[in-house]
Structure formats: structure tokens, C-alpha cells
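Take a look at the structure set out below.
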Amino acid sequence: MPTIKKLPPNKSGQVRYRAVVDIGDDAETGKRRQITVTRNTSKEVKNEIARLTNERSNGTLVAPSKMTLNEWLDKWLERRAPDIEASTLNGYRNALMHARERLGCLPLQDITEEDVIAFASWLLAGARRRGGPAGTGLRASSAAGALQRFREALDYAAVRKMINANPAMYVHLPKLAVNADQQAHPPVLPWDETEIRAFLVGVRSERLYAPFLLSLMGLRPAEVCGLRWSDIDLDAGTLAITNTRTMIGNAVTIEKGTKTAAGTRTLPLPDPVLHALMAFQLRQSTEQHDAGEAYTPSAYMFVDELGQPLTTRHLRYYTYRPCALSGCVAYGCTTPVRHA
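My numbering puts the first residue of the sequence shown at 156, with every later residue one more than the last.
Spelled out as C-alpha cells, the structure:
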């Protein structure tokens with residue numbers, strides 16, 4: 156039992172009692188943790204000591220902390236980093252920027268369910284900072300993603316006994332808002348045969364005809380961008396998917412293996428795709444000859460006229476014009492191309 160000390164009378168003449176309770180070492184820093192208990196009577200101090208001791212023994216003790224939400228989110232992202240792809244981590248950071256803006260300066264332990272409800276309402280009413288008029292609401296799907304990442308971060312705070320319970324556990328977006336968003340933005344459907352034929356006519360004369368055909372074969376944008384000529388066997392008529400190149404924030408290019416183990420695969424090349432790749436390889440040889448020293452050779456298939464590797468952003472951009480000219484749905488989007 157910690158020693159209970161009687162304090163000298165304060166300015167108003169009131170006598171109080173105090174004890175320092177040892178609650179064990181910090182799991183991360185190894186530093187000793189203590190809680191100072193000050194009450195009006197010795198009995199109140201004893202009762203608080205008993206409560207703290209009981210909670211420590213059954214594993215439910217939450218030590219007082221001044222850590223802010225921003226500080227906790229930094230810790231949570233640091234913990235998640237080794238387990239997820241860099242692009243996924245960047246997505247987490249983007250999703251949490253709204254929680255940082257609205258609640259980041261608050262002490263983690265002070266955040267209430269009412270705070271989270273107000274945060275969810277703000278997401279739908281005024282959280283937008285880009286991709287549309289600033290100060291307007293996010294789409295329900297984007298707001299749901301932001302709320303989900305926030306909930307996950309607070310889940311881990313509860314597991315680590317930084318908070319008693321997750322205040323976001325039972326907070327969800329209004330169903331009416333979700334339903335309205337789904338009606339206003341129906342899912343993108345794969346192209347039908349008519350749209351595929353129209354798209355093929357539109358891209359036949361394009362320099363990037365071969366990469367477009369690879370998208371129609373079902374390759375992900377990052378797989379098209381990561382494809383090297385050494386992965387393509389023009390004699391056997393096959394290509395091996397082993398590498399991807401994707402972008403983070405439209406600024407940093409990340410090269411890595413395929414998204415999943417099943418993503419590493421060898422595919423047969425239909426004759427139209429094989430012939431398009433042969434023509435594209437020959438065209439690149441001509442471009443290199445014409446450009447001379449200005450050309451930068453690379454191992455990649457998806458390059459510009461000077462040999463510079465192109466990115467997923469370029470693939471989407473160069474899809475805009477043929478999509479528009481052919482009148483295909485989902486203007487500028489490669490998803491219906493890949494799933495067609």
C-alpha cells in the first residue's frame with residue numbers, strides 16, 4: 156500500500172491527502188509510471204488506490220496521458236508501416252488528414268463519441284480541400300474511408316490501454332447520405348462488346364496501341380507500367396507479370412512485385428496483341444535511332460518517344476482522348492478497360 160501523506164493546509168485552510176501509486180513500466184519506453192492521487196480525505200485516497208490497483212491487476216488500467224490525437228496517429232502509422240505497401244500507407248495518411256485537421260490538437264483521452272459524431276457530420280458538410288470546391292462535403296464513400304481509418308487508429312489506442320474505449324466504435328455515416336451517394340454515383344460497369352469495338356477503333360492509330368490492348372487483357376495499370384521487354388517473349392507469344400510500377404501522390408514512383416502471389420503469372424498473347432507489341436518494339440527502335448543521344452534506353456515497354464518510362468498517371472491521361480472520341484462511358488478511366 157502506498158504511503159498516504161497529509162498535505163499542509165492550502166490558502167483556504169483545507170487539508171488534503173496524497174499518495175503516489177506505481178502502475179508499472181511503460182511497455183514502449185521501459186520507464187517507470189506513477190499516478191499521483193490527491194483527495195480531500197484519507198479514505199478517498201485509499202479508495203482510489205484500491206481502484207487503480209484492481210484495474211492494474213485485471214489489465215484494464217488506463218494511465219492518464221496528455222498525448223494528442225496527432226501524436227497518437229503518428230505512432231499508429233509508424234506501427235502500420237512495416238506491414239503495408241508504401242502506397243497503402245500514403246492512402247492512410249491522406250484519409251487521416253481530416254481527423255488531424257478537426258481533432259488533432261485534442262488530448263487523445265478527451266475525445267468523446269459526440270466529438271466523433273460531429274466529425275462525421277463535418278466530413279459530409281465541409282471537409283473537402285481538393286478535388287472540388289473547398290469547404291464542401293466529401294462523397295460518402297470518401298467520408299466512410301476517413302472515418303474507418305480513424306476508427307482503426309482508435310481501436311489500437313484502446314488495445315494499448317491509451318483510452319478506455321473507442322469513441323468511434325458505433326459512429327457511422329447516416330444511411331440516407333450513403334444511399335444518396337450511391338444513387339448519384341453508380342458503380343462503373345465494364346464495357347460491353349460495342350464499347351470495346353469502338354475503343355479499339357479509336358486507339359488503333361495511337362502510339363500506345365499495344366499498352367491499351369494489354370489493359371484490355373486485364374493487366375492492372377501498375378502491371379502495364381512495370382512490364383519490361385525481357386518479360387515479353389515475342390517468339391513464344393507470352394508475357395510474364397512479375398513487376399509493377401505505381402505512383403504515390405502523383406509524385407513518387409514505386410517499383411515492386413505484383414500485388415499478390417497470384418498476380419505473378421504468365422499469359423498467352425492473342426495474335427492482335429502480339430503483333431501490336433512487335434510493332435511497338437520496332438517503333439521504339441526507330442525513335443531511338445532518330446533521337447540519338449537524346450534517347451534514354453530503358454528496359455521498360457511503356458516508355459515515351461525519348462525512352463523515359465511512363466507511369467500509371469500517364470496511362471490514365473493517354474486514355475482520355477480515345478475514350479472521348481469513341482464515346483465510351485467512364486471517360487478517362489482505365490478500370491472499365493481492364494474489366495471489359
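Where is the CB? At the ideal position from N, CA and C, for every residue including glycine.
Query, Result
"Three-state secondary structure (DSSP) of PRO262", "strand"
"Rounded Cβ spacing between LEU263 and ALA312 (contact assumed at less than 8 angstroms)", "6 angstroms"
"Alpha-carbon to alpha-carbon, LYS186 and PHE457", "54 angstroms"
"Top-ranked residue by Cα proximity to SER296, from GLY214, TYR450, VAL333 and LYS411", "VAL333"
"Proximity below 8 angstroms, CB of GLY179 to CB of ALA250", "no"
"Sheet register partners of ARG283 (DSSP bridge)", "DSSP lists no partner for ARG283."
"Where GLU350 falls, given that 16 or more other Cβ within 10 Å makes a residue buried", "buried"
"Through-space distance from ARG235 to PHE435, alpha-carbon basis", "42 angstroms"
"As assigned by DSSP and simplified to three states, the class of GLU410", "strand"
"Endpoints, the alpha helix (DSSP H) within which PRO423 is located", "Counting along the chain, PRO423 falls outside any alpha helix (DSSP H), though it belongs to the beta strand (DSSP E) covering 420 to 423."
"Helix, strand or coil at LYS201 according to DSSP, with G and I counted as helix", "helix"
"Contacting residues, own chain, Cβ-Cβ under 7 angstroms from ARG283 (five flanking each side not counted)", "ALA289, GLY290, THR291, GLY292 and LEU293"
"Rounded straight-line distance, which links the Cα of PRO345 to that of LYS330", "27 angstroms"
"Start-to-end residues for the beta strand (DSSP E) that takes in VAL379", "First-last for VAL379: 376 to 381, but that is the alpha helix (DSSP H), not the beta strand (DSSP E)."
"Outcome for ALA365 when other beta-carbon atoms lying within 10 angstroms are tallied against a minimum of 16", "buried"
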